[in-house]
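Below is one structure, written out as structure tokens; comments come after it.
Number of protein chains: 2
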Amino acid sequence: MTDHFLARARELDAADPLAAFRERFVIADPDVVYLDGNSLGRLPKATRERLHQVIDREWGVELIRGWDRWMTLAREVGDVLAGRVLEAEPGEVVLADSTSVNLYKLAVAACDARPGRGVIVTDDDNFPTDQYILQGLAAARGLELRVVRSDLDAGVSRDDVVAALDTDVALVSLSHVAYRSGAVADLAGITAAAHAVGALTLWDVSHSAGSIHVPLRSSGVDLAVGCTYKHLNGGPGAPAFLYVRTELQSALRQPIWGWFGQREQFDMAGSYQPAESVERFLVGTPPVLGGYGALEGARITAEAGIAAIAAKGAALGSYAIELVDRWLTGHSFALASPRDDERRGAHVTLHHPQAWQISQALRAAEVIPDFRTPDRLRIGFAPLYTRFTDVHTGFARLRDIMESGSYTAFPAERSRVT
Amino acid sequence: MTDHFLARARELDAADPLAAFRERFVIADPDVVYLDGNSLGRLPKATRERLHQVIDREWGVELIRGWDRWMTLAREVGDVLAGRVLEAEPGEVVLADSTSVNLYKLAVAACDARPGRGVIVTDDDNFPTDQYILQGLAAARGLELRVVRSDLDAGVSRDDVVAALDTDVALVSLSHVAYRSGAVADLAGITAAAHAVGALTLWDVSHSAGSIHVPLRSSGVDLAVGCTYKHLNGGPGAPAFLYVRTELQSALRQPIWGWFGQREQFDMAGSYQPAESVERFLVGTPPVLGGYGALEGARITAEAGIAAIAAKGAALGSYAIELVDRWLTGHSFALASPRDDERRGAHVTLHHPQAWQISQALRAAEVIPDFRTPDRLRIGFAPLYTRFTDVHTGFARLRDIMESGSYTAFPAERSRVT
């Protein structure tokens, strides 16, 4: 039997301008189809070398003298991200803490900058930690957290956000790409609507940074946070980043006054004076190992260019949706992501009542997707190292699992997974 | 000329029960005398191996499946620290964030637990980031930050703290070992005095963890934070830890409500419910590489035992003070640390008007101390890998520098150093 989908995959791979980037990553077991780079990106070979060097030579030999180099790492990574990965200016992005902590710092700073306003707007499709952070802030300050109801397969709608806006809103905080569906929010439209009522915007770009164009400046975005261990391939638990539009930096102060945010830090002055640059949003001693992972990962993305990455991500998703339509809808799968390439990031999610069992069967078959409660199989297409033939192989194994019914042998009850 | 100090050093090294631990660390250049392990500890060989494995195998090969192992890392490190490094119970310590962020979280939690009280007490010898964090918190809440004046060479006095206490004090936050002088604060006495007025205590044990006994439970300490990259040899920017006394855990809530603090995190529930354990003080995705550095470092310290470490640290400091008395007081040095072993951690600090130039001359002579503004030379004695003969060599080189006056060739103006 001729599989014309396989022939198409081979043609697409042959024409892929990013094909050579796969060689830049450690691919230890070629039989594994890794479709979870949107949760933890693969290890770049350059990162492996650099981290060995940081451990063996910089820490092991230079010891404390390594700080002459490490001191500027947070800003160095930020400038790579600002220059080529996000649409931002040098000096607007810095590596720091976790996404959650950064969201807290910037959300507090934003609310402080809008005194007298009593509302934060988010949506129920926002990533859980974002919702929790905002719940905590609202509880601490007696603010109203106004939660827009979103279609969990289609993402947050600009109109629904607009309907929640009024002049009592201090901050609108949403995700650029939805973690479940991959739906892309209307960054510019929502930001403009928030500005129209005098509110600030704080976007979580964890799922868009390194996978699609993130037009922060041209959309007028005030604040953003994001993580580096997904499409930026920074490594497990690599530090997060934050973005503060230049024009706002001097007016905003974050609540956690740490020594890395202090002007002339090593004067060890007794009184806190925030740095005049984006470093004022730093807090404590930065994680050096994770930071070099983030640096090397950001560099590869910058080198490939976000336009090529976004185009390939869309094409991989589109190809996958064709396979879903042809092979899987008869097996009770339903698309849980936007069908339109323009409205989707670099992952595609499927509903299935037995999604948890199926995800275990896939792992056993060396296909690694993500499960998301209660019934979603999330399939990521990291454009730097995922081939169209990988998508074909992964979906062919999924089809086999469904046709054989082998997934029913796996536990129906879920244990802890990321 | 017979140098009886050298003979003594050799005898002390020969009798050192911890001597074999030096072999467990990477010592790349034996001519370098490293006296800054209290700022950045050396690289343990086990850590080098483990980190290579985490990078190459766990991240590189296991990919997202690595999280099955990494999920419990924060608690695993905490339990090693609680069991053998700090005097604490399993489940009271967890690895998280930076020291500064942890201090913020716990200070806010403490103030929330003492509503109606308007004062935080600290001292002007507390580490700058601690002072800044408390300043930020006081400013945000309209609290008074009551700053006890300490003798910067002798540390904070219990009596001075007591004089600052009244029933309006919510929190007393101090460092256990002073970062400048190495002076040990009266942990039990100050904690008892704070409790007598109904206040909570939050201790920064960054300079004591891994260097001296830290009797958290028997002193009744409520809360503590500390870093792992000094005497715990966790590596540059390794994550910090926090301690919350079991009896307080359910009553305290920290302000940064992140998904790693959530009960049943991967249910991705929309509403934040803090975990019932010490994990409620976690926030975002933990730094895995830094976390394994902290784990291996903590294990070595636990294996050596804090009693032997503390005894050797005191002996190294005592020996160094003898050399200061004999060789350096004629060159305008003055001791900036307590002379009494019981009152001093594992570092000794010296005043000298040209301390900055001298610290540069020492680096050029392959002796690595720390400079602390404006006139302090801080000399650390990491007991796990510092020999008495190293101290002798370092101080002999310092004496030569002073006798030759070679330090005057170095810049008098300071640039950025850690």
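Protein chains in written order, with this note's numbering: chain A, 1 to 418; chain B, 1001 to 1418.
For glycine and all other residues, C-beta sits at the position ideal for the given N, C-alpha and C.
| Query | Result |
| --- | --- |
| For chain B, is any of its Cβ atoms less than 8 Å away from the one on A/Y132? | yes |
| Going by Cα to Cα distance, which pick from A/A365, A/R372, A/E403 is closest to A/V32? | A/A365 |
| Across the segment 1144-1156 of chain B and the segment 1330-1337 of chain B, are there enough close Cβ pairs to call them in contact, namely three or more that are closer than 8 Å? | yes |
| Spatial neighbours of B/W1257 within its chain, please: CB distance less than 7 Å, with the 5 preceding and 5 following residues excluded, ordered by chain position. | Y1272 |
| Answer yes or no: does any C-beta atom of chain A fall closer than 8 Å to that of B/H1176? | no |
| Measure from the C-beta of B/M1268 to each C-beta in chain A and report whether the shortest distance is under 8 Å. | yes |
| Measuring straight from C-alpha to C-alpha, what distance separates A/D36 and A/N233? | 11 Å |
| Give the residues of chain B in contact with A/Q249, contact being defined as C-beta atoms less than 8 Å apart. | In chain order: nothing, as chain B lies at least about 17 Å away. |
| Could you name the residues of the same chain whose beta carbon sits closer than 6 Å to that of A/L12, not counting the 5 residues immediately before and after it, in chain order? | F388 |
| Helix, strand or coil: how does DSSP classify A/Y272 here? | coil |
| Going along the segment 1089-1116 of chain B in order, which residues come within less than 7 Å of chain A, judged by CB to CB distance? | D1097, S1098, T1099, S1100, V1101, Y1104 |
| I want to see whether chain B comes within less than 8 Å of A/V61, judged by CB atoms only; does it? | yes |
| Near A/A320, what residues of its chain come up, given a Cβ to Cβ distance below 8 Å and the 5 sequence neighbours on each side ignored? | V348, I379, F381, V391, F395 |
| Please name the residues in the segment 200-213 of chain A whose beta-carbon is closer than 9 Å to at least one beta-carbon of chain B, in chain order. | none |
| What are the residues in the segment 1262-1295 of chain B lying within 8 Å of chain A by C-beta distance? | Q1262, Q1265, F1266, D1267, M1268, A1269, G1270, S1271, Y1272, V1283, G1284, T1285, P1286, P1287, V1288, L1289, G1290, G1291, G1293 |
| In chain A, what lies closer than 8 Å to B/S1039 by C-beta? | I64 |
| Could you please give me the residues that DSSP links to B/E1144 through a beta bridge? | B/V1119 |
| Excluding five sequence neighbours on each side, which residues of the same chain lie with their C-beta closer than 7 Å to the C-beta of A/T167? | V197, G198 |
| So what's A/I306 in DSSP terms, helix, strand or just coil? | helix |
| For a test of the three-state rule: what should DSSP assign to A/W259, helix, strand or coil? | helix |
| Counting only beta-carbon separations shorter than 8 Å, does A/T418 have a partner in chain B? | Any answer about A/T418 is weak, because its pLDDT of 43 lies below 50 and its placement is not dependable; what the coordinates show is given next. Output row for A/T418: interface = yes. |
| Identify the contact partners of A/R48 in chain B, using a Cβ-Cβ distance below 8 Å as the criterion. | I1055, D1056, G1060 |
| So A/W70 contacts chain B; which residues on that side make the cut at Cβ distance below 8 Å? | P1236, G1237 |
| Roughly how many angstroms lie between the CA atoms of B/A1409 and B/D1370, to the nearest whole one? | 19 Å |
| Ignore the nearest five residues each way along the sequence and tell me which others in A/S332's own chain have a CB closer than 7 Å to its CB. | H352, P353 |
| CA-CA distance, B/E1403 and B/P1374? | 22 Å |
| On a CA-only basis, which of B/V1214, B/A1113, B/M1071, B/I1027 is nearest B/G1305? Give me that one, please. | B/V1214 |
| So, at 7 Å on beta carbons, what are the nonlocal neighbours of A/P287 in its own chain, with the 5 sequence-adjacent residues on each side left out? | P239 |
| What residues in the segment 1017-1030 of chain B bring their beta carbon closer than 8 Å to a beta carbon of chain A? | V1026, A1028, D1029 |
| Assuming the contact rule is C-beta atoms closer than 8 Å, A/L328 and A/I358 should be a hit. Round their C-beta distance to whole Å, please. | Actually they do not touch by this definition, with Cβ atoms about 10 Å apart. |
| Indicate whether at least one CB of chain B lies closer than 8 Å to the CB of A/H231. | no |
| Would you tell me roughly how many angstroms separate the C-alpha atoms of A/D341 and B/L1063, rounded to the nearest one? | 27 Å |
| Mind reading off the beta-carbon distance from B/P1044 to B/G1345? Whole number of angstroms is fine, and I expect it under 8 Å. | With a Cβ gap of about 21 Å, B/P1044 and B/G1345 do not count as contacting. |
| Quick check: does the Cβ of B/W1059 come within less than 7 Å of any heavy atom belonging to the ligand ZN? | As for the ligand ZN, it is missing from this structure, which has no ligand bound. |
| On the criterion of 16 or more Cβ atoms from any shown chain inside 10 Å, does B/A1251 qualify as buried, or is it exposed? | exposed |
| Helix, strand or coil, according to DSSP, for A/L384 in the structure here? | coil |
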